[in-house]
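Residue numbers (this note's numbering), protein chains in the order written: chain A, -15 to 114; chain B, -15 to 114.
Virtual Cβ for every residue (Gly too), placed ideally from N, Cα, C.
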DNA sequence: ATTGGAAATAGTAATGATTACTAGTTTTAC
DNA sequence: GTAAAACTAGTAATCATTACTATTTCCAAT
């Protein structure tokens, strides 16, 4: 009996599945509280960690000091806007080749990688052309 | 007169140049205090930020919750050991092509990327084979 | 060389994301 | 039904980093 059902965890997972913008724990908390008014922030954090440990969701450390979460666990890369901070999915060819490249002259074992691209998102790009 | 000389900044930069292990602000603080006993942690943080803003050093956000700093500003990639947490330089071919790949089907502007590889370093790899 | 003011410093307090703790509640295997 | 294990809400603690403040240092112009 490793894992027990919890309504809170279900609601958190369900909410995350409706979003494609990689919300932070705090954003998840704010939203989930609409349907589940007295859920605790600690519960949100614990379940997000649990779900990502189980591989049901992904934790994104994009380098802005706050963890983001993604219900889409299929392999894909992310873009982070330097202006507005939004985290966006990238549609691009597979680049797993870089993992091979990294392992060529390395004495340890490489299990994976994370790649984040940054710059200006489409919306911020337009705004700054005035 | 934008930037003024400071002995503290010089000592911090000099120390960082002697290290290839990408120390954290706290490690820099501990070590610099040997030659400069009453330097403040805030001064270390402020100068590390200043130096990286000027492009003299690099700030590495490897996703372990602590910033690491690197005096080597030439383009290269990093490996993070999942076991011991050490951050190691990788000797590998240039992979800037992934930035082109990311920009192909993207409406914004891509200015750069960060790629971190993870797994077991050579030393931890050996220890876990018992 | 003196000096005025901008930039830097030490020391400390504040911030903010995340984790830990605790007493009580829910789930579930028997 | 029941008991143990897992979970929860609420709160306190942690820890990296930033902000604040009174004082000191650097340096360009006199």
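Judged by pairs of C-beta atoms under 8 Å, the segment 86 to 97 of chain B touches the segment 72 to 91 of chain A, as three or more such pairs exist. Interface criterion not met: the Cβ of residue 41 of chain A is under 9 Å from no Cβ in chain B. Identification of residues in the segment 88 to 109 of chain A having a C-beta nearer than 9 Å to some C-beta of chain B yields 88, 89, 90, 91, 92, 93, 94, 95, 96, 97, 98, 99, 100, 101, 102, 103, 104, 105, 106, 107, 108 and 109, given in sequence order. Residue environment: residue 7 of chain A is assigned as buried (16 or more neighbouring CB atoms within 10 Å of its CB, all protein chains considered). Taking a beta-carbon distance threshold of 9 Å, residue 75 of chain B counts as an interface residue toward chain A. In this structure residue 35 of chain A does not touch residue 62 of chain A by the C-beta definition: roughly 18 Å separates them, more than the 8 Å allowed. Neighbours of residue 61 of chain B in chain A, taken as residues at a C-beta separation under 8 Å, are given in chain order as 86. CA-CA distance, residue 111 of chain B to residue 68 of chain B, rounds to 11 Å. Contact annotation, residue 13 of chain B with residue -8 of chain B: C-beta distance approximately 11 Å; criterion of less than 8 Å not satisfied. The DSSP assignment places complete alpha helix (DSSP H) segments of no fewer than 4 residues inside the segment 10 to 50 of chain A at 25 to 38, in order along the chain.
Between residue 28 of chain B and residue 16 of chain B the beta-carbon gap is near 7 Å, inside 8 Å, which marks them as a contact. As a beta-bridge residue in DSSP terms, residue 102 of chain B pairs with A:96 and B:64. Here residue 81 of chain A is exposed. Its C-beta has fewer than 16 other C-beta atoms within 10 Å.
Counting along the chain, residue 54 of chain B sits inside the beta strand (DSSP E) bounded by residues 52 to 54. Membership of residue 82 of chain B in any beta strand (DSSP E) is not indicated; the residue belongs instead to the alpha helix (DSSP H) covering 81 to 87.
Taking all protein chains in view, the Cβ of residue 52 of chain B is crowded by 16 or more other Cβ atoms within 10 Å, so the residue is classified as buried.
Residue 78 of chain A counts as exposed, since fewer than 16 other beta carbons sit within 10 angstroms of its beta carbon.
Comparing alpha carbon positions, the residue from B:100, B:26 and B:85 closest to residue 66 of chain B is B:100.
In the three-state scheme derived from DSSP, where H, G and I count as helix and E and B as strand, residue 0 of chain B is classed as helix. Contact with chain A is found for residue 47 of chain B, since one of that chain's Cβ atoms lies less than 9 Å from the residue's Cβ. For residue 8 of chain A, DSSP records a beta bridge to A:52. The beta carbon of residue 108 of chain B is closer than 6 Å to those of 65, 67 and 68 in its chain, skipping five residues each way along the sequence.
Per DSSP, the beta-bridge partners of residue 74 of chain A are A:61.
Residue 105 of chain B sits buried, since 16 or more C-beta atoms from the chains shown fall within 10 Å of its C-beta. DSSP places residue 111 of chain A in the helix class (H, G or I) of the three-state scheme. In this structure, the CA atom of residue 31 of chain A is about 29 Å from the CA atom of residue 102 of chain A.
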